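Taking it in order: structure first as structure tokens, then the write-up.
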Amino acid sequence: MDNVNSFKSTLKHEILHVIDNINKVEDTYETHANVYLKQMKDDSFKDSNVDYKSSVVYSFCNYLLNIDQQKKRENLNYNHNIVISKINEFNLEHQGKIKIIAPEFGQYSLGNLSLSFEINGYLPQLVKYTYEKE
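With the UniProt record's numbering, letter number 10 in the sequence shown gets 10, and the count goes up by one each step, no holes.
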């Protein structure tokens, strides 16, 4: 890491996991996505470099895709509210500097969500689903 704020942000992420462990918070895709949301609200993330931000947002989006895939695997009645709320919370916090782009919800079937994001208005980067062990 060539930016002290990127390092601080990584530490913040890991500290948030420690706090969750102390509080006996179950480790799920959703709780891991919550850790990312809290990390990305911290000034250390906001002051980190673009490459670091891109990698963290990519990982966050992949956890959202894992939520979608998990609900499909478990065949649960699911209407995407978890994913929608996390995307909206993220986009509101970052006010257009970084934006997660999703299709209109209801325009795809469960397990077929696609996400991309853009930083500072540059071309969106597609996030490819990668299975994360829960």
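Think of the CB as a built atom: it goes at the ideal place given N, C-alpha and C, for glycine as much as any other residue. All values reported here derive from a predicted model rather than from experimental measurement.
Identified DSSP bridge partners for residue i
i           : result
residue 173 : There is simply no residue 173 to check, as the chain begins at 1 and stops at 134 in what is shown.
Ile-82      : Partner(s): none; Ile-82 has no beta bridge.
Lys-99      : Glu-118
Among the options, nearest to residue i - alpha-carbon criterion
i       : options                           : result
Phe-90  : Leu-115, Tyr-63 and Lys-41        : Lys-41
Asn-3   : Asp-51, Tyr-129 and Ala-33        : Asp-51
Val-57  : Asp-43, Ala-33 and Asp-68         : Ala-33
Ser-93  : His-13, Asp-27, His-17 and Leu-37 : Looking at the sequence shown, residue 93 is not Ser but Glu. Closest by alpha carbon: Leu-37.
Lys-133 : Gln-70, Ile-22, Asp-43 and Val-35 : Gln-70
Cβ-Cβ separation, residue j to residue i (assumed contact under 8 Å), whole Å
i       : j       : result
Ser-116 : Pro-124 : 4 Å
(Q) For the pair the region 37-52 and the region 4-11, tell me if three or more CB-CB distances fall below 8 Å. (A) The region 37-52 vs the region 4-11: in contact.
Q: Pick out the complete alpha helix (DSSP H) segments inside the UniProt domain "Tox-MPTase2" (1-97), 4 residues or longer, and give them in chain order.
A: Counting only runs of 4+ residues, the alpha helix (DSSP H) found wholly inside the UniProt domain "Tox-MPTase2" (1-97) occupies 4-22, 29-41, 43-46, 50-73 and 81-94, in chain order.
Q) Looking at C-beta atoms only, is the number of pairs between the region 19-26 and the region 58-73 that lie closer than 8 Å three or more? A) Under the Cβ criterion (8 Å, minimum of three pairs), the region 19-26 does not count as touching the region 58-73.
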